[in-house]
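Numbering (my numbering), first residue to last: 41 to 339. Positions of the beta carbon are idealized from the N, C-alpha and C atoms, including for glycine. Since the structure is predicted, the reported quantities are computational estimates derived from the model, not experimental observations.
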Amino acid sequence: MGNVIGFVGLGIMGREMVANIISRGKYETVIFNRTPAKCSSFKKKGAKLASSLAELTKKSDVIILMLADSDAVRWALEDTGGILSEMGEGKTLIDMGTNSPEFNISVESMVRERMGEYIEAPVLGSKIPAREATLTVLTAGDEKVFERSRDILSSFGEKIFYMGECGKASQMKLIVNQIMAGMLALFSEGLVIGERADILPDRMFEVIENSAIQAPIFKVKGRSMLVSHDFSPHFPLKHAQKDLRQALSCADKLDVSCPVTASANAQFIRAKDMGFGEEDSSAVIKTLLKGDGEIHIDV
Ligand code: NAP
């Protein structure tokens with residue numbers, strides 16, 4: 041495996057991840073983003089800018105995708121001058137975004153038809169773990185390709201799991217996000233009830249942290265949801281809803297009834313309809329507030 045990495049997608053996660061590759065200094069980095077302005081600060085740090093996805097693919101041994109959803113991946117692969125036009129022997133595509141198992145299996149076939157290699161590698165953890173290189177990486181696909189990619193993946197975190205054939209890592213990722221979104225929806229209900237019942241927020245967090253339901257997600261999000269009302273996106277709500285939708289579709293194919301997930305999904309759709317899609321997923325709490333869902337802070 042050569043040492044040139046082409047990185048596509050400089051969103052909330054991608055820009056932190058690519059910064060870690062560059063600072064390790066072990067790989068040459070070529071970058072591309074739909075909105076080119078987001079690339080300029082990385083040029084100063086030593087990354088090369090590609091003017092098209094085809095050029096990025098031509099120059100790279102390994103192409104990493106960190107894109108919003110399957111529409112974006114399709115665009116990157118197939119748009120005129122896209123990745124597939126230059127994909128071939130000796131090149132590996134690693135998709136680290138969250139897409140459905142079915143979709144990733146179809147991408148694996150497209151890449152293999154062109155004699156390239158593919159693994160899926162979705163991640164657990166958000167903006168701060170991405171910055172601190174403490175993400176958990178779930179991988180699946182050809183095990184030999186995974187072993188060859190291990191060093192690159194370790195740029196993003198030490199905890200790397202190989203799950204088996206392509207589709208298994210994305211399925212596991214969706215299970216985690218399905219549970220997490222459900223937890224956030226239920227946590228929101230509990231917090232709003234507590235507030236209306238005049239229980240002090242800090243006392244609520246303290247009790248929850250000392251109970252059987254304590255969880256890192258509650259510790260990380262609790263204060264920003266109820267006290268500081270900071271919903272700047274770490275994991276955008278629209279992506280949380282995308283993952284719920286995909287999790288429900290997987291459950292349906294496996295004949296598993298998921299009424300709790302369906303209810304959480306309805307709540308996240310409502311939050312998107314109310315205009316909170318670009319905010320953090322914890323903004324789901326705003327669907328439970330009176331009026332327009334906006335939190336008006338007295339200053
Ligand atoms: P993000 O901030 O929304 O960034 C999305 C990236 O995809 C940007 O580079 C964006 O380009 C590009 N993009 C979006 N729509 C596109 C389209 N139609 N065509 C081409 N490019 C498009 O997302 P993120 O939070 O970094 O997440 C990326 C992926 O990782 C998602 O699948 C998400 O579910 C998953 N993930 C996120 C987190 C998290 O905490 N944020 C954690 C784990 C996994 P522009 O810059 O031009 O908009």
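- Query: At a cut-off of 6 Å, is N73 close to ligand 1 when judged by its beta-carbon and the heavy atoms of the ligand?
  - Reply: For N73, the Cβ falls inside the 6 Å cut-off from some heavy atom of ligand 1.
- DSSP puts E157 in a beta bridge; with which residues? T132
- Task: With DSSP as the reference, label S228 as helix, strand or coil.
- Result: Residue state for S228 is assigned as helix, using DSSP reduced to three classes.
- Message: By the three-class DSSP mapping on this structure, what secondary structure does L124 have?
- Response: helix
- Message: Taking the alpha-carbon of E153 as reference, which of V48, D109, M127 and G122 has the nearest alpha-carbon?
- Response: M127
- Query: If we count the other Cβ atoms within 10 Å of its Cβ and call it buried at 16 or more, is K330 buried or exposed?
  - Reply: exposed
- Runs of beta strand (DSSP E) wholly within the segment 46-106 (minimum 3 residues, chain order): 68-72 and 102-105
- Proximity to L133 [Cα-Cα], best of S100, G121 and V163: S100
- Task: Return the chain-ordered list of same chain residues with a C-beta closer than 6 Å to the C-beta of K88, the five sequence neighbours on each side being excluded.
- Result: V70
- Task: Can you give me the start and stop residues for the alpha helix (DSSP H) that V260 sits inside?
- Result: Counted as a single uninterrupted DSSP element, the alpha helix (DSSP H) harbouring V260 occupies residues P256 to L266.
- Task: Could you tell me which residues DSSP puts in a beta bridge with F316?
- Result: Answer is none; F316 lacks a bridge partner.
- Query: Quick one: what's V177 bridged to in DSSP?
  - Reply: V163 and I200
- Pick helix, strand or coil for P273, following the three-state DSSP scheme. coil
- Task: Can you tell me the Cβ-Cβ gap for Y202 and F227, rounded? I've got them flagged as a contact below 8 Å.
- Result: Incorrect: roughly 32 Å between the Cβ atoms, too far for contact.
- Sorted by chain position, which residues of the same chain lie with C-beta nearer than 8 Å to E318's C-beta, five sequence neighbours on each side aside? P273, P276, L277 and K278
- Query: Excluding sequence positions up to five away, which residues of its chain have a Cβ less than 8 Å from the Cβ of R197?
  - Reply: One detail in the question is off: residue 197 reads as Gly in this sequence, not Arg. The answer, listed in chain order, is V163, G165, P169, A173, T174, L175, T176 and V177.
- Message: My output table needs one value for V6: the three-state DSSP class, helix, strand or coil.
- Response: Residue 6 is absent from the structure shown; the chain starts at 41 and stops at 339.
- Between A287 and L224, is the Cβ-Cβ spacing less than 7 Å? Not closer than 7 Å, so no.
- Query: Who are the near neighbours of D332 in its chain, counting only those whose CB is closer than 8 Å to its CB and skipping five residues on each side?
  - Reply: Answer for D332: M314, listed in chain order.
- Message: Distance check for V232 and I239, CA to CA, integer angstroms please.
- Response: 10 Å
- Burial state of I123, where buried means 16 or more other Cβ atoms lie within 10 Å: With 16 or more other Cβ atoms inside 10 Å of its own Cβ, I123 counts as buried.
- Message: Is any non-hydrogen atom of ligand 1 found closer than 6 Å to the C-beta of M106, if you look at the structure I gave you?
- Response: Short note on M106: C-beta closer than 6 Å to some heavy atom of ligand 1.
- Message: Taking 6 Å as the cut-off, is the beta-carbon of T138 closer than that to any non-hydrogen atom of ligand 1?
- Response: yes
- Message: Within 8 Å, do at least three Cβ pairs link the segment 101-120 to the segment 45-57?
- Response: Using a Cβ-Cβ distance cut-off of 8 Å, the segment 45-57 and the segment 101-120 are in contact, since at least three pairs of beta carbons, one from each stretch, lie closer than that value.
- Message: Given the structure, does D119 come close to ligand 1, in the sense that its CB is under 6 Å from one of the ligand's heavy atoms?
- Response: Checking every heavy atom of ligand 1 against the Cβ of D119, none is found closer than 6 Å.
- Query: Considering only residues of the same chain and omitting the five flanking positions on each side of F308, which have a CB-CB separation below 7 Å?
  - Reply: Taken in chain order, the residues that qualify are A221, L277, A280, Q281, L284 and V324.
- Message: Give me the residue from V113, K83 and M265 with the minimum Cα distance to T138.
- Response: V113
- DSSP three-state assignment for A296, whether helix, strand or coil: Correcting the residue identity first, residue 296 is Val in this sequence and not Ala. In this structure, V296 counts as coil in the three-state DSSP scheme.
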